[in-house]
Amino acid sequence: MTPIPDRIGPILYFRAAGEGALRVAALVARPEGETPGEMEVAGTPVAPRLLAGCAGRQVWRYDLTLPQAAPVYSFEGTLHRVVADLSGDMRIAFVSCNGEEHGDLGRDAAERNAMWQRLLGQHRSWPFALMLMGGDQIYADEATDGHPLTEDWPVSLPEATPAQLADLETHLRARFFERYLRTFAAPGFAEISAEVPALCVWDDHDICDGWGSLRREATASAIGQLLFRVARETYLLFQHGATEADVPELFLDPAGRSLSWRHELPGLTLFGPDLRSERGRRQVMGPAGWRAVETTRGGAHTFLVSSVPLLGPRLSLVESLMMAIPRMQKYEDDLRDQWQSHAHREEWRRMLAEVLRMRGAGPVTVLSGEIHLATRAEMGGGAEAIHQLVASGISHRAPPKGYARCLGALAGLGEAPLPGHPIRIRPLPGHGPRYVAERNYLRLERRAGQWRAVWELEESGATPPMAL
């Protein structure tokens, strides 16, 4: 395995658009004691701010305002051009599942990052304005390895002294830093993230596999809460270019209990509800998360990022079957994670009703990842249908095609949690099966005011455009 990178960046994060300019944050990491190089916008120097340090690396942020007339910045002698006018034709990339549960850091770089390189090539032919990242930007499952308190967590819950917990905190922070530094230095990702600002939501692997769906004794324990705190700190740092002090400005809940966000662009509302911070075995969101949903109005067109697919098949049937078979009960947390779980069914109906309310103002498109497959779904029909586009697995290898066929057969049963609003899983444009088992990402393109979606599939290539 190659050494942990000493330096990454710049990595851009969207802040706001309007008044003839685009505001972004640019994150860089450098060895401890080394101040990063010169940053300039329109010939004016921009000073960096030190955000954090760990394991001999320090993370800095530059806050940039890029004029629409000349959206270019220079960092350490290299020019980078950004799309700053978001009022007309533009395109947005949607990606998710950037890693794997085991051995991700040791994978062959060319194989792992092949789809990032493809996305970069497409960016160079028609630049992307934004990159929506739908969860599992890192796979932190192995961050708990190598420490006696967490070697068997969450199966084992040892008692720990304050000194042991402090030692674990040092261990976890270093492991999370390593994962972000390695992942964000990857070929393809590094180049595109220097020119395309990101907006991120997190999912379970950004913390640990099944976070929030594991038994409460594990997540509420001192070890579990420490793990969540370190994961949250590094999520803010590396996925938002932020610290705790920035939370009131960046998220809808000033107290940070929920990290939901919303941004208004010309003709487009972007809404990312936080499905992890308040999650428990019997709830997806708490009061702060629901307040964000209930106060979000639909716009001319709304893209709602749900890290876990909102429109899905009758997974509650599979959940019931698994719970009846003792050796399958270990997979309970995977199904408990879904909106369709028995435990979340009333909350699911509540969310679907809120999406219908948003649809009253204009089209709503749900963007989801998480399942390592590509698919789409509709709720309702005709011009009033709500579309869900699932693009999952930009670097996570696809599951067997037989798994996709089985899930497609289950989807044939249909689902209608809200009377009069049936949910149907549909094939991708140009494809027959409901689910495609290939690595993929999504291109969302607006031309002459009309949005369309194109899936980029590793083996099959681009799908025909789908009007939204």
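Sequential numbering from 8 applies to the sequence shown in our numbering.
Cβ coordinates follow ideal geometry from the N, Cα and C atoms, glycine included.
Since this is a predicted model, take the numbers as computed values, not measurements.
According to DSSP, residues forming a beta bridge with Gly25:
The residue you call residue 25 lines up with position 18 of the sequence shown. In DSSP, Gly25 forms a bridge with Ala28.
Give the straight-line distance between the Cα atoms of Val90 and Gln75, rounded to the nearest whole angstrom.
One-based indexing of the sequence shown puts residue 90 at position 83. One-based indexing of the sequence shown puts residue 75 at position 68. Taking the straight line joining both Cα atoms gives about 8 Å.
What's the gap between the Cα of Ser348 and the Cα of Leu311?
Mapped onto the sequence shown, residue 348 falls at position 341. Mapped onto the sequence shown, residue 311 falls at position 304. The straight-line gap from Cα to Cα measures roughly 21 Å.
Checking the sheet assignment: what are the DSSP bridge partners for Ala398?
Numbered from 1 along the sequence shown, position 391 holds the residue referred to as residue 398. Ala381, per the DSSP bridge assignment.
Following the continuous beta strand (DSSP E) through Trp462, name the residue where it begins and the one where it ends.
Translated into positions along the sequence shown, residue 462 becomes position 455. For Trp462, the enclosing beta strand (DSSP E) stretches over residues 457–464.
Mark Gln345 as exposed unless 16 or more other C-beta atoms lie within 10 angstroms of its C-beta, in which case mark it buried.
Indexing the sequence shown from 1 puts residue 345 at position 338. Burial check for Gln345: the Cβ neighbour count within 10 Å reaches 16 or more, so the residue is buried.
Determine the closest residue to Arg288 out of His351, Ser228, Thr42, with distance taken between C-alpha atoms.
Position 281 of the sequence shown holds residue 288. Of His351, Ser228, Thr42, the residue nearest in Cα terms is His351.
Can you round the beta-carbon distance between Cys215 and Ser399 to whole angstroms, since I take them to be within the 8 Å contact cut?
The residue given as residue 215 occupies position 208 in the sequence shown. The residue given as residue 399 occupies position 392 in the sequence shown. Their Cβ separation, rounded to whole angstroms, is 19 Å, which puts Cys215 and Ser399 out of contact at 8 Å.
Is it true that the CB of Met46 sits closer than 8 Å to the CB of Tyr69?
Walking along the sequence shown from the start, residue 69 turns up at place 62. Walking along the sequence shown from the start, residue 46 turns up at place 39. Taking C-beta atoms as the reference points, Tyr69 and Met46 count as a pair closer than 8 Å.
Sub-8 Å separation of Leu318 and Gln395 beta-carbons:
The sequence position of residue 318 within the sequence shown is 311, counting from 1. The sequence position of residue 395 within the sequence shown is 388, counting from 1. Yes, the pair counts as a contact, with Cβ atoms nearer than the cut-off.
Judging by CA-CA distance, which residue of Gly376, Leu425, Gly369, Ile378 is the nearest neighbour of Met386?
Counting from 1 along the sequence shown, the entry for residue 386 is found at position 379. For Met386, the nearest C-alpha among the options comes from Leu425.
What does the Cβ neighbour count give for Trp133, buried or exposed, with the cut at 16 atoms within 10 Å?
By one-based count along the sequence shown, residue 133 stands at place 126. Label assigned to Trp133: exposed.
Roughly how many angstroms lie between the CA atoms of Gln65 and Leu244, to the nearest whole one?
Here residue 65 is taken as the residue at index 58 of the sequence shown, counted from 1. Here residue 244 is taken as the residue at index 237 of the sequence shown, counted from 1. Each residue's alpha carbon lies about 11 Å from the other.
DSSP on Ile99, reduced to helix/strand/coil?
The residue you call residue 99 lines up with position 92 of the sequence shown. In the structure shown, Ile99 sits in a strand (DSSP, three-state: E or B).
Could you give the DSSP three-state label for Asp70: helix, strand or coil?
As a working mapping, residue 70 is identified with position 63 in the sequence shown. DSSP, read as helix, strand or coil, puts Asp70 in strand.
Considering only residues of the same chain and omitting the five flanking positions on each side of Arg182, which have a CB-CB separation below 7 Å?
Here the question's residue 182 lines up with position 175 in the sequence shown. Taking C-beta separations shorter than 7 Å and ignoring five residues to either side along the sequence, the partners of Arg182 in its chain run Ala150, following chain order.
Alpha carbon to alpha carbon, how far is Ile393 from Val443? Give it in angstroms, no decimals.
Residue mapping note: residue 443 aligns to position 436 of the sequence shown, counting from 1. Residue mapping note: residue 393 aligns to position 386 of the sequence shown, counting from 1. So the two alpha carbons sit approximately 21 Å from each other.
Return helix, strand or coil for Glu158, following the three-state DSSP convention.
By 1-based counting over the sequence shown, the position of residue 158 is 151. Here Glu158 sits in coil by DSSP.
With DSSP as the reference, label Arg119 as helix, strand or coil.
Numbered from its first residue, the sequence shown carries residue 119 at position 112. Here Arg119 sits in helix by DSSP.
Which residues DSSP lists as bridging Arg454, in chain order:
Here the question's residue 454 lines up with position 447 in the sequence shown. BP columns for Arg454 point to Gln457.
What are the boundary residues of the alpha helix (DSSP H) that Met8 is part of?
Within the sequence shown, the letter at position 1 stands for residue 8. In this chain, Met8 is not harboured by any alpha helix (DSSP H), its DSSP state being neither H nor E.
Comparing alpha-carbon positions, which option in Gly263, Ile401, Gly367 lies nearest His379?
Here residue 379 is taken as the residue at index 372 of the sequence shown, counted from 1. Out of Gly263, Ile401, Gly367, Ile401 has the C-alpha closest to the C-alpha of His379.
What is the rounded straight-line gap between the Cα of Leu342 and the Cα of Ala170?
By 1-based counting over the sequence shown, the position of residue 342 is 335. By 1-based counting over the sequence shown, the position of residue 170 is 163. So the alpha carbons of these two residues sit roughly 36 Å apart.
When the Cα of Arg383 is compared with those of Pro406, Arg441, Gly27, which residue comes out closest?
On the sequence shown, position 376 is the one that residue 383 refers to. Checking every option, the nearest Cα to that of Arg383 belongs to Arg441.
Going by alpha carbons, who is nearest to Leu449 out of Gly106, Ile11, His130?
The sequence position of residue 449 within the sequence shown is 442, counting from 1. The residue with the shortest Cα to Cα distance from Leu449 is His130.
Less than 7 Å between C-beta atoms, sequence neighbours within five positions excluded: which residues of the same chain meet that for Ala249?
Position 242 of the sequence shown, counting from 1, holds the residue named residue 249. A distance below 7 Å between beta-carbons, with the five flanking residues on each side excluded, links Ala249 to the following residues of its chain, in chain order: Leu243, Leu257.
Bridge partners of Thr372, per DSSP?
By 1-based counting over the sequence shown, the position of residue 372 is 365. Thr372 is bridged by DSSP to Phe310, His394.
Met386 in three-state terms, based on DSSP
The residue labelled residue 386 in the question sits at position 379 within the sequence shown. In the structure shown, Met386 sits in a strand (DSSP, three-state: E or B).
Could you check whether Gly305 and Gly367 sit closer than 8 Å to each other, using their CB atoms as the reference points?
As a position in the sequence shown, residue 367 is number 360, starting the count at 1. As a position in the sequence shown, residue 305 is number 298, starting the count at 1. In contact: Gly367 and Gly305 (Cβ atoms closer than 8 Å).
Are the beta-carbon atoms of Pro43 and Asn120 separated by less than 8 Å?
Position 36 of the sequence shown, counted from the start, is the residue given in the question as residue 43. Position 113 of the sequence shown, counted from the start, is the residue given in the question as residue 120. Pairing Pro43 with Asn120 gives a Cβ-Cβ distance that is not under 8 Å.
Under the three-state DSSP convention, the category Ser265 falls into:
Taking the first residue of the sequence shown as 1, we reach residue 265 at position 258. Coil at Ser265, not helix or strand.
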